[in-house]
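First up is the structure itself, then whatever we jot down about it.
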Amino acid sequence: AEITDRMSKQPDGGKALLFEQTGTPFPVLTNMMGSDRRMAMALGVESLDELTRRLDDLLQQAVTPKNSLLDKLRMLPLLAEMSRWLPRTSSSRGECQQVVLQGEEASLDALPVLKCWPCDGGRFVTLPLVHTLDPETGIRNVGMYRLQLFDARTTGMHWHLHKTGARHYEGYRRAGRRMPVSVALGGDPAYTYAATAPMPDNMDEYLLAGF
82 AEITDRMSKQ PDGGKALLFE QTGTPFPVLT NMMGSDRRMA MALGVESLDE LTRRLDDLLQ
142 QAVTPKNSLL DKLRMLPLLA EMSRWLPRTS SSRGECQQVV LQGEEASLDA LPVLKCWPCD
202 GGRFVTLPLV HTLDPETGIR NVGMYRLQLF DARTTGMHWH LHKTGARHYE GYRRAGRRMP
262 VSVALGGDPA YTYAATAPMP DNMDEYLLAG F
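Using our numbering, you'd call the opening residue of the sequence shown number 82 and step up by one each time.
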């Protein structure tokens, strides 16, 4: 963490760093998107300005009133394209389920979780994709909320009260129900970008990732 802090403060964002000797079976990649160039590469564009223009065009089409039949017909190609942005449901096991550990074999200590700052209360998973469902509508939310590692099988969720995940939790708490949560680590950088983007309520973050 100290090495990454020093590298990321370089004028150009520094280099991405891959640590292979972590004391666990897994390497650690840090500062992956620490420069504009690497961020653009991760998101599949030539520059971040290109991504901004594409998003502006999409939002402009979405908010422009569609008063005439011709206006509505012009939206059909966009709606067809948007249908391809959402993730497809698979009836078989996904790639992330090739290895399944349960019971005593399932230990968070196998993951290279870092203590990022000297005054942190412990080790935190800092880039988790936290999946929750609205208790009333069932609409999915993907947020990035730090997870503090308490022991090999327990974490604490850190989210601000105004975040969607916190509102989901409050809904389950009031209803006296346990809240189902799924956490994914890694994956396409677009997932990380989408999970941290200021999306409107009830809009699936994977729609933005697919874009």
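From the three backbone atoms N, C-alpha and C, an ideal C-beta is built for every residue, glycine too.
Pull up the distance between the alpha-carbon of residue i and that of residue j, whole angstroms please.
i	j	result
E186	D93	42 Å
G237	G202	11 Å
L182	H212	20 Å
V126	E101	29 Å
M88	S116	11 Å
V206	T170	27 Å
E251	T273	24 Å
M122	L129	9 Å
M113	R204	20 Å
Leaving aside the five residues before and after residue i along the sequence, list all residues of the same chain whose C-beta is less than 7 Å from its C-beta, in chain order.
i	result
M280	E286, L289
I believe residue i touches residue j by the beta-carbon criterion, under 8 Å. Please report the beta-carbon distance rounded to the nearest angstrom.
i	j	result
Y226	W240	4 Å
V223	A276	5 Å
Can residue i and residue j be called in contact, C-beta distance under 8 Å?
i	j	result
L110	L99	yes
L195	A265	no
R258	P216	yes
D282	T235	no
P193	T105	yes
D243	L214	Note that residue 243 is His in the sequence shown, not Asp. Result no, Cβ atoms of H243 and L214 do not sit closer than 8 Å.
Taking residue i as the reference, give the member of the options with the closest Cα.
i	options	result
R221	L228, M260, L195, L242	M260
V262	P209, G268, G291, R255	P209
G184	D215, C200, E176, A233	A233
F107	D138, M113, G267, R255	G267
Would you say the beta carbon of residue i is closer than 7 Å to some non-hydrogen atom of the ligand MG?
i	result
V206	In terms of ligand content, the structure shown is empty, and the ligand MG therefore cannot be addressed.
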